[in-house]
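Only one structure is covered here, and it is reproduced in the block below.
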Amino acid sequence: MSRIAKSLSLVSVLTMGSRILGLLRDVLFFSAFGASVFGEAFILAFTIPNLFRRMLGEGTLSSAFIPVYAETRKKSSKDAFDLMNKVLGRLMVVLSLLIVFVVSLSYGAAKGDWFDSDKWSNGSMLNSITFGYVLFICASAIMVGALNTRGSFFAGALSPILLNLFMISTLAFFGVSLGWSGSDLAVVLCLSVLLAGFVQFLLPFLQLRMADGWRWKLDLGRSQELDRIKSIFWVGAMGAAVVQINVLVSRFLAYSLDEQGGVSYLFLASRLIELPLGVFAIAISTVLFPELAKAATESDRKNFMGYFFRGFRMTLAVTLPAAVGLALLADPILSVLFQWGQFGPSQVRAASEVLLISSLGLPLYAISAFMVKAFHSQKQMIHPLRAALVSLLANAGFSLWLMQDNGVYGLAWANVLAAFFQTSYLIAKTRDFGFFILWRKRPLFFLPILLSCLVMGGVLYLSNDAFIFPSGKGSDLMRLLLFIPSGILIYFLCCYLNGVPEARGLGRKITKSLPFGDDS
């Protein structure tokens, strides 16, 4: 197995573990809170530090840091460590000041007479607790980026598992065992996020010290490499900020709706979409990004485009069938996973409609995320920025229009349309690539993959009408156990027959592993 395949397998397995734990966490969360005021207040409060994590930690700063760090490390490990200390030092000072400001503002707003409703006061109070998470997770992401450049992906892939374990333990002990609920449970859950953040920071910190001999020191000095990171970062930061503002706009608009549950339904749809997105699509981007950056640094256009097409094709091959499956099985998935405690059948029905709409955007989110990484690997930040602005304008415009008559469902449609415009812009601006390549068989195999998805979807749709399942959670589970493996098998066979390289490669490995396989 190649080095890239091994790394991809490691990241995918650990990310799969993280997503499964994340689902368990969400089951416990919605069982305890339902679509209540305190549950939605926690979701909104947790959204804000997560936006900074995605923008500063795992987003643009990390993308700007990794290529320059990798190049510096080739010349001198000491210079690379000095560069990392300079980046970490500035990041931690700025974030510490930001945390003091935001926490003071949020606490003052919650205790004062700033808001007319308890709904917003609760969200502000919980945000004053969770926002400190920003410091730990953003600093951790920079150290994880340094580890990734030497082919070590374990700490980064394990990090979200740690967060999920802390939150699951808190919900299980305080929520299930002790019976806490409402504001008390929300506050202790926020505290568990802070503790998890410290452990997420400690893991790559210790690994860098033990494996590479790095020593932390506060270094606010300047260097040419730091100036290069700054020049890349500021343009990219604006693009990443726009993307995260986009998410925040949707959450705030959903929170402002008179109908209760909008934030919860959007959050649930996002979590289920993130399962295939994180396990495979983001894993593909994470593993291929250093290779893309290396090829771009060496001006090896042929090798760069080879990695680019491979990543694009693999992203399509995973997310298109996942979107079809989520759309067809939205109701039984939500019923089996989340219909517990305070989250009842009416909430499942409402959430399944949001998931049905949101699943249409899954391939678009995955492709745009991969393409942004490809631009970042070439230190090109302007096109992702403009694409993010296109997405923000589309999302804001469609949201304000569609939410008037359709509520949270209008917000879900606005997210999908915004993702379509963003992805289209990125494709149009990618050199040596364009919409016309989608209709060729090679190198993307888009039409064979699309045809395989349609066959799979058609068979599952007709089978759902042919089999009569009684109502209830047990029958929903039977439907999932029957349809998911069947859908995967049908899709794989179609891809294999249509010549998709990854399906052919997996088919050969399966054949060789059989007792009668060809060992020659």
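Under this note's numbering, the first residue of the sequence shown carries the number 83, and numbering increases by one thereafter.
Even for Gly, the Cβ is constructed at its ideal location relative to N, Cα and C.
From a predicted model like this one, the values you see are computed outputs, not experimental measurements.
Please determine whether the Cβ atom of residue i lies at a distance below 7 Å from any heavy atom of the ligand ATP.
{"i": "leucine 240", "result": "Looking at this structure, you won't find the ligand ATP or any other ligand, since it has none at all."}
Out of the options, which one is the CA nearest neighbour of residue i?
{"i": "serine 158", "options": "Tyr447, Trp296, Lys384 and Ile439", "result": "Trp296"}
{"i": "serine 332", "options": "Phe565, Val119 and Ala496", "result": "Ala496"}
{"i": "tyrosine 543", "options": "Arg524, Ile311, Leu564 and Ala377", "result": "Leu564"}
{"i": "valine 436", "options": "Cys272, Ser450 and Asp413", "result": "Asp413"}
{"i": "leucine 533", "options": "Gly227, Thr505 and Asn580", "result": "Asn580"}
{"i": "phenylalanine 334", "options": "Phe518, Arg107, Val490 and Ala500", "result": "Val490"}
{"i": "leucine 284", "options": "Gly238, Asn328 and Val258", "result": "Gly238"}
{"i": "leucine 348", "options": "Leu357, Val329, Pro358 and Leu359", "result": "Val329"}
{"i": "isoleucine 531", "options": "Ala494, Arg395, Lys555 and Leu177", "result": "Arg395"}
{"i": "leucine 106", "options": "Phe420, Leu520 and Gln424", "result": "Phe420"}
{"i": "phenylalanine 115", "options": "Ile415, Val216, Gly426 and Leu170", "result": "Gly426"}
{"i": "leucine 499", "options": "Ile519, Arg155 and Leu475", "result": "Leu475"}
{"i": "phenylalanine 134", "options": "Leu96, Ala223 and Gly194", "result": "Ala223"}
{"i": "valine 418", "options": "Pro372, Leu559, Leu588 and Cys576", "result": "Leu559"}
{"i": "phenylalanine 183", "options": "Val216, Ala448, Leu170 and Gly171", "result": "Val216"}
{"i": "phenylalanine 371", "options": "Leu173, Leu354 and Ala456", "result": "Ala456"}
{"i": "alanine 191", "options": "Leu180, Phe502 and Gly205", "result": "Gly205"}
{"i": "cysteine 576", "options": "Gly556, Ser557, Gly587 and Cys535", "result": "Cys535"}
{"i": "tyrosine 447", "options": "Ser459, Leu410, Phe124 and Glu356", "result": "Glu356"}
{"i": "histidine 458", "options": "Ser367, Val430 and Trp422", "result": "Ser367"}
{"i": "threonine 97", "options": "Val430, Arg392, Leu562 and Phe236", "result": "Phe236"}
{"i": "leucine 290", "options": "Lys160, Glu380, Leu208 and Ala336", "result": "Lys160"}
{"i": "leucine 170", "options": "Leu526, Phe287, Leu359 and Leu354", "result": "Phe287"}
Secondary structure at residue i, three-state DSSP: helix, strand or coil?
{"i": "proline 525", "result": "coil"}
{"i": "tryptophan 495", "result": "helix"}
{"i": "glycine 303", "result": "coil"}
{"i": "glutamine 504", "result": "helix"}
{"i": "phenylalanine 255", "result": "helix"}
{"i": "glutamate 341", "result": "coil"}
{"i": "aspartate 601", "result": "Residue confidence is low: aspartate 601 scores 48 on pLDDT, short of 50, so the model does not pin down where it sits. Its coordinate-derived value is still stated next. Coil at aspartate 601, not helix or strand."}
{"i": "lysine 461", "result": "coil"}
{"i": "threonine 31", "result": "The requested residue 31 does not occur in the structure, where the chain is confined to residues 83 to 602."}
{"i": "valine 537", "result": "helix"}
{"i": "glutamate 584", "result": "helix"}
{"i": "leucine 442", "result": "coil"}
{"i": "serine 159", "result": "helix"}
{"i": "phenylalanine 27", "result": "A query on residue 27 cannot be resolved here, the shown segment of the chain reaching from 83 to 602 and no further."}
{"i": "serine 298", "result": "The question names serine, yet the displayed sequence has tryptophan at residue 298. Residue state, collapsed to three classes: coil."}
{"i": "leucine 260", "result": "coil"}
{"i": "tryptophan 483", "result": "helix"}
{"i": "glutamine 421", "result": "coil"}
{"i": "glutamate 356", "result": "helix"}
{"i": "aspartate 164", "result": "helix"}
{"i": "glutamate 373", "result": "helix"}
{"i": "arginine 468", "result": "helix"}
{"i": "serine 100", "result": "helix"}
{"i": "glycine 279", "result": "helix"}
{"i": "glycine 556", "result": "helix"}
{"i": "serine 381", "result": "coil"}
{"i": "phenylalanine 391", "result": "helix"}
{"i": "leucine 411", "result": "coil"}
{"i": "phenylalanine 213", "result": "coil"}
{"i": "arginine 232", "result": "coil"}
For residue i and residue j, what's the separation of their Cα atoms in angstroms?
{"i": "arginine 522", "j": "leucine 444", "result": "23 Å"}
{"i": "lysine 312", "j": "alanine 146", "result": "8 Å"}
{"i": "leucine 471", "j": "aspartate 547", "result": "43 Å"}
{"i": "serine 113", "j": "tryptophan 262", "result": "12 Å"}
{"i": "glycine 492", "j": "isoleucine 509", "result": "26 Å"}
{"i": "valine 269", "j": "aspartate 514", "result": "51 Å"}
{"i": "methionine 83", "j": "valine 175", "result": "With a pLDDT of 46 at methionine 83, under the threshold of 50, the modelled position of that residue is not reliable, and no figure is offered here."}
{"i": "glutamate 341", "j": "arginine 590", "result": "53 Å"}
{"i": "aspartate 294", "j": "valine 150", "result": "18 Å"}
{"i": "asparagine 132", "j": "threonine 593", "result": "44 Å"}
{"i": "lysine 461", "j": "isoleucine 148", "result": "10 Å"}
{"i": "valine 541", "j": "serine 203", "result": "49 Å"}
{"i": "serine 346", "j": "serine 428", "result": "13 Å"}
{"i": "alanine 433", "j": "isoleucine 449", "result": "25 Å"}
{"i": "valine 454", "j": "glycine 554", "result": "43 Å"}
{"i": "serine 557", "j": "leucine 520", "result": "40 Å"}
{"i": "asparagine 246", "j": "leucine 350", "result": "16 Å"}
{"i": "leucine 308", "j": "isoleucine 250", "result": "39 Å"}
{"i": "serine 338", "j": "isoleucine 130", "result": "16 Å"}
{"i": "phenylalanine 255", "j": "phenylalanine 248", "result": "11 Å"}
{"i": "leucine 267", "j": "threonine 252", "result": "9 Å"}
Problem - Cβ contact (3+ pairs, closer than 8 Å) linking the segment 471-489 and the segment 395-407 - result: no
Handout entry: Segment contact flag, the segment 292-308 with the segment 242-249, C-beta cutoff 8 Å, min 3 pairs
Key = no
Handout entry: the segment 564-578 / the segment 402-414 touching (three or more Cβ pairs under 8 Å)
Key = Pairwise C-beta distances place the segment 564-578 in contact with the segment 402-414, as three or more of them are shorter than 8 Å.
Handout entry: Sufficient close CB pairs (3 or more, under 8 Å) joining the segment 379-391 to the segment 163-178
Key = no
Handout entry: At least 3 beta-carbon pairs within less than 8 Å: the segment 203-214 vs the segment 275-282
Key = yes
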